[in-house]
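Q: Going by my numbering, the first residue of the sequence shown is number 371, and it counts up by one from there. Below you will find the structure I want to go over with you.
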Amino acid sequence: MLAINNIDVAYGNVQVLFGLSLHVKRGELLCLLGRNGAGKTTTLKSIMGLVPVRNGSISLDDSALNTLAPHKIPGTGIAYVPQGRRLFSELSVKQNMDIGLMASGAGTETFESVLDMFPRLRERLRQRAETLSGGEQQMLAMARALCMKPQLILLDEPTEGLQPSMISLIRDVVEQLKAQNVAVILVEQNVETVLNMADRVAFIEHGRNPETVSGQELQANPELVRRYLGVE
Ligand SMILES: Nc1ncnc2c1ncn2[C@@H]1O[C@H](COP(=O)(O)OP(=O)(O)OP(=O)(O)O)[C@@H](O)[C@H]1O
Ligand SMILES: [Mg+2]
């Protein structure tokens, strides 16, 4: 459904992505793994039109995305949960979710089904976002994105700094999205989280994608993790 074809991306004079290509299908979970600074966040920003693509193209179901204005991209059914979350901190949980609902024109049914995935948010609808715990803020960032009823969701390190119970909740949500045929691109440093969940894992190294393997292949070849992440 989404295809990135041979893109070059630079910040000013500094090129960060070099002929990068990736694709994801409906209901598929694609994980991006790579060292700090490899270009994972930049890849997601390219999809959202937040950095200009110099060469190459990005398409969604055969229509070009990289020629659209950035504000039109959420309307194509792609939701983005940035690294570090970026909520409207002074607004309440409900107001943050309303922003997602307004963007999609979705109603109460969507609101309720998203709250069913995150019962802790239901208990805190009037609480200001900035007073939520770190894990709750991550839930809210995902909930707001899901209120947009995306067909593709981009998650940038959603489990960063979270305890295991919160990580498993986020995994459950990702599994539910896959079951609803939503495509997910997940940037994740936590290899354990990626291993038994990902349909495919794309390694990102110096702004390139040297290799993409299935989740099973990664499990069978742990040396890939050492090669591309430099860790056990
Ligand atoms: N706005 C910017 N201006 C200039 N350089 C940038 C900008 N944003 C990112 N970069 C550089 O681009 C490179 C890739 O950054 P990016 O954020 O995509 O990496 P990443 O793989 O997401 O890393 P991390 O795992 O640390 O989040 C880095 O060298 C970074 O310093
Ligand atoms: Mg990043």
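Backbone N, C-alpha and C fix where the C-beta goes; we use that ideal spot for every residue, glycine too.
Using the Cα positions of Glu-593 and Gly-577, report the straight-line distance between them to the nearest angstrom.
A: Glu-593 and Gly-577: Cα-Cα distance of roughly 21 Å.
Q: For Glu-493 and Ile-555, what's the separation of their Cα atoms in angstroms?
A: So the alpha carbons of these two residues sit roughly 29 Å apart.
Q: Quick check for students: name the residue ranges of the beta strand (DSSP E) that lie wholly in the segment 467 to 553, counting only runs of 3 or more.
A: Qualifying beta strand (DSSP E) stretches, in chain order: 522 to 526.
Q: Alpha carbon to alpha carbon, what distance is there between Ile-469 and Leu-457?
A: In a straight line, the C-alpha of Leu-457 is about 11 Å away from that of Ile-469.
Q: Assign Val-394 to one of three DSSP states: helix, strand, or coil.
A: Three-state result, Val-394: strand.
Q: Over the uninterrupted alpha helix (DSSP H) stretch that includes Gly-365, give me the two end residues.
A: In the structure as shown, the chain begins at 371 and stops at 602. Residue 365 is therefore absent and cannot be evaluated.
Q: Please check the pair Leu-491 and Met-518, which I expect to be a contact at CB under 8 Å, by giving their CB distance rounded to whole angstroms.
A: In fact, because the Cβ distance is near 16 Å, the residues do not count as touching under 8 Å.
Q: Roughly how many angstroms separate the alpha carbons of Gly-531 and Val-451, rounded to a whole number?
A: About 16 Å.
Q: To the nearest angstrom, how far is the alpha carbon of Thr-529 from that of Gln-559?
A: About 9 Å.
Q: To the nearest whole angstrom, what separates the beta carbons of Cys-379 and Ser-416, a pair I think is in contact under 8 Å?
A: It should be pointed out that residue 379 corresponds to Val in this sequence rather than to Cys. So it is a contact: roughly 5 Å between Cβ atoms.
Q: Can you check DSSP and say which residues form a bridge with Leu-430?
A: Leu-430 pairs with Leu-372, Ser-433.
Q: Express the C-alpha separation of Asp-542 and Val-561 in angstroms, rounding to a whole number.
A: Near 17 Å, if we compare the C-alpha coordinates of Asp-542 and Val-561.
Q: Compute the beta-carbon to beta-carbon distance between Asn-579 and Ala-572, rounded to the nearest angstrom, for a pair I have assumed lies under 8 Å.
A: Yes, Asn-579 and Ala-572 are in contact; Cβ-Cβ is about 5 Å, under 8 Å.
Q: Give the residues whose C-beta lies closer than 5 Å to at least one heavy atom of ligand 1, in chain order.
A: Here the list is Tyr-381, Val-386, Asn-406, Gly-407, Ala-408, Gly-409, Lys-410, Thr-411, Thr-412.
Q: Can you name the start and end residues of the beta strand (DSSP E) that Val-583 belongs to?
A: Val-583 -> beta strand (DSSP E) spans 578 to 584.
Q: Do Ala-553 and Lys-395 have their C-beta atoms within less than 9 Å of each other?
A: A contact, by the Cβ cut-off of 9 Å.
Q: Can you find the residues in the same chain that come closer than 8 Å, C-beta to C-beta, to Gly-445, ignoring five residues on each side of it along the sequence?
A: Within the same chain, Gly-445 has close Cβ partners Ala-473.
Q: How big is the Cα-Cα spacing for Ser-433 and Asn-591?
A: About 36 Å.
Q: By how many angstroms is the C-alpha of Leu-525 removed from the C-alpha of Tyr-381?
A: Rounded to the nearest angstrom, the two C-alpha atoms are 22 Å apart.
Q: When you compare only the Cα positions, how much space is there between Val-463 and Ile-574?
A: The straight-line gap from Cα to Cα measures roughly 34 Å.
Q: For Asn-406, count neighbouring Cβ atoms within 10 angstroms of its own Cβ and tell me buried if that reaches 16, exposed if not.
A: Exposed is the call here.
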